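Take a look at the structure:
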């Protein structure tokens, strides 16, 4: 259930607001409305917290051979350490940049030998000015005789030489008549020997920095704790500086200036706030939230239903305060969908074993196991049940399974039935044509019918909840109309997707009859038409039928598309069968690849490897399929029919 909330306002003396916030934080039940504070202290806390987070991120990337012993520091010492870690990391980055730059210089001058800029300066003092040049070897002999050159070396492609001049050449100055192919080589800032030495020194310093950073990993828990503390400081200071404060008034003494804040508290906790307000001499008011208030959502369910919380927390989905809490239905159908998508009882057994093993350490410590371990066990059990129903175990064929396992399956949905040869049923169309359905086709159709029936049940629950919510208003007739459309469209889907002869829309020898008088097909089409009328007239009811009809007329395209959407929403559930079919094909293929190898001792290990990797990858794909498909049916199709948009946010009380 969604816990009822009260909106409250608290007014205190401005001079007491810091103490009031401390008291409110100790109380720990009030979700304070978001404010945007500004102060130098708040900026300082944010700066420190960002440095702490950066330091944590940097240390988390360091892999150490041994698990370091944890050491704790004070909050201030942790910040000083974070500053040092950031500084060392920045220094390391600069050293790598310097090494790369120096290596580039060495590579550039590699063919010149040891280049010493000071030697060039010495010769310049003696009146000998040398400039370094390179040009294609084939062009070197074409240099004009008026230019004095000294060949240093050449190879197949490049000649390296000095140009001797009577003055120092400027950076962009070239001797006259020097071929355009010749390009000047810039002197390095340091000699090549010094560059090499600098590289080695920088590498040594990087090693020292790595050692210091690795030694700091032991303070990681301390940094995380400091980050939490700074986060609390930011929250407190943001509220303090963001509270509403009465403007200064010369006619009013400074000592009686007021400050205030608003927030929300669970109705069951309101008495605690009232008691604290009286004891602290605060002005206090509480009332039910208005329709347009941005109220946080607090969910309260029993331990079993709460097993779904790890999934919804992972997805970040929170119902709005005025929406439905569908945690129980989410858990029920998510469990069913999970079992059907995984579809393999063998995989379910592995998941169940994994869940049980995850509980063992908690039991040894006499602690309650995590909800995730229980959820994994539940999902594993559901997968085993569905695997038993369909006789699907590690992708093995029915012939490869013992009779005791085959007996657990439901014939209408079982692979055992699919493997039978022959004709299961004979159907007659309106024209008299005869259609024979094999056992395999019959089971396939039954699985599709099961998926669509799940759709009917889940989406019908959504509309029944809508009827219950609006039962005191004619608007409930709009939900009833949607329910009728859903029921009628269910039969249309069976006819158009499963089998048009088995589920005809007209009158045929295979038609279903109600009371042996009315064709079910006509009832379905009538339900769609009558449901559309009810939905058209009452879905937008807000006190006036006329206005409701007018609103539907304004959105006539969306209203008409809504009928089509009912069809597509039901058909969408076929993904449960299709995805499971794909997973079953993969597991069967893996078995076919590894099967022939199991009979040869030399290939046995290879076969085991193929089975392990193949089925492991298939399980990973199934997990992704659950996230994509199983979750979607709950958060999109089901939620759309409920009218939910998941726009809520969690109740987070201001606490220590």
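Numbering (full-length UniProt numbering), first residue to last: 1 to 656.
Don't be surprised by glycine CBs; every beta carbon is placed ideally from N, CA and C.
All values reported here derive from a predicted model rather than from experimental measurement.
Discussion item. For residue 591, which residues in the same chain have their Cβ closer than 7 angstroms to its Cβ, ignoring the five residues on either side in sequence?
Written reply: 395, 396
Worksheet item: On the premise that residue 607 lies in contact with residue 594, defined as a C-beta separation below 8 angstroms, what is that separation, rounded to the nearest angstrom?
Response: 4 angstroms
Worksheet item: At a cut of 8 angstroms, does the segment 287-307 reach the segment 534-544 through at least three beta carbon pairs?
Response: no
Discussion item. For residue 280 and residue 256, what's the separation of their Cα atoms in angstroms?
Written reply: 16 angstroms
Worksheet item: Does DSSP put residue 410 in a helix, in a strand, or in coil?
Response: coil
Fill in: Nearest-angstrom Cβ-Cβ length linking residue 483 and residue 460, presumed shorter than 8 angstroms
6 angstroms
Discussion item. If distances are taken between C-alpha atoms only, which option among 635, 129, 199, 650 comes closest to residue 644?
Written reply: 635
Discussion item. Measuring straight from C-alpha to C-alpha, what distance separates residue 473 and residue 263?
Written reply: 31 angstroms
Discussion item. Pairs of beta-carbons, one from the segment 413-424 and one from the segment 436-452, closer than 8 angstroms: are there three or more?
Written reply: yes
Discussion item. If you reduce the DSSP assignment to three classes, tell me which class residue 25 lands in.
Written reply: helix
Discussion item. So, under 8 angstroms CB-CB, residue 351 and residue 383 are touching, yes? Tell me the CB distance rounded to an integer number of Å.
Written reply: 6 angstroms
Worksheet item: From what residue to what residue does the alpha helix (DSSP H) around residue 592 run?
Response: 575-594
Worksheet entry | Within 8 angstroms, strictly: CB atoms of residue 583 and residue 555 | no
Worksheet item: For residue 114, does the count of other Cβ atoms within 10 angstroms reach 16, so buried, or fall short, so exposed?
Response: exposed
Discussion item. Quick check: the segment 212-229 against the segment 20-36, are at least 3 beta-carbon pairs closer than 8 angstroms?
Written reply: no
Discussion item. Please tell me whether residue 6 and residue 278 are closer than 8 angstroms, where the distance is taken between their beta carbons.
Written reply: no
Worksheet item: Which residues in the same chain have their Cβ closer than 6 angstroms to the Cβ of residue 165, if we skip the five residues on either side of it in sequence?
Response: 129
Practice prompt. Run through the segment 270-344 for me and flag every whole beta strand (DSSP E) of 3 or more residues, listed as ranges in chain order.
Written response: 283-287
Worksheet item: Among 116, 156, 161, which has the Cα closest to the Cα of residue 143?
Response: 161
Worksheet entry | residue 259 in three-state terms, based on DSSP | strand
Worksheet item: Excluding five sequence neighbours on each side, which residues of the same chain lie with their C-beta closer than 6 angstroms to the C-beta of residue 245?
Response: 14, 259
Item to complete: Can you have a look at residue 622 and say buried or exposed, based on whether 16 or more other CB atoms are within 10 angstroms of its CB?
Response: buried
Discussion item. I need the DSSP call for residue 513, collapsed to helix, strand or coil.
Written reply: strand
Discussion item. Per the DSSP calculation, residue 130 is bridged to which residue(s)?
Written reply: 164
Worksheet item: Which first and last residues belong to the beta strand (DSSP E) in which residue 8 is found?
Response: 5-13
Worksheet item: Quick one, are the C-beta atoms of residue 566 and residue 642 less than 8 angstroms apart?
Response: no
Discussion item. Just to confirm the assignment: which complete alpha helix (DSSP H) runs, minimum length 4, are found wholly within the segment 188-224?
Written reply: 192-216
Item to complete: Please determine if the segment 36-50 and the segment 285-297 are in contact, where contact requires at least 3 C-beta pairs separated by less than 8 angstroms.
Response: no
Fill in: Rounded C-alpha distance that separates residue 36 from residue 491
55 angstroms
Discussion item. Quick check on this structure: which residue in 110, 53, 412 has the alpha carbon closest to the alpha carbon of residue 188?
Written reply: 110
Discussion item. On the criterion of 16 or more Cβ atoms from any shown chain inside 10 Å, does residue 515 qualify as buried, or is it exposed?
Written reply: exposed
Practice prompt. Check the DSSP bridge columns for residue 436 and list the partner residues they point to.
Written response: 426
Discussion item. Three Cβ pairs or more, each shorter than 8 angstroms: is that satisfied between the segment 188-207 and the segment 94-101?
Written reply: yes
Worksheet entry | Proximity of residue 134 and residue 183 at Cβ, strictly below 8 angstroms | yes
Practice prompt. Sort 505, 362, 478, 500 by Cα distance to residue 488 and report the nearest one.
Written response: 505
Practice prompt. Determine, using beta carbons only, whether residue 157 and residue 137 come nearer to each other than 8 angstroms.
Written response: yes
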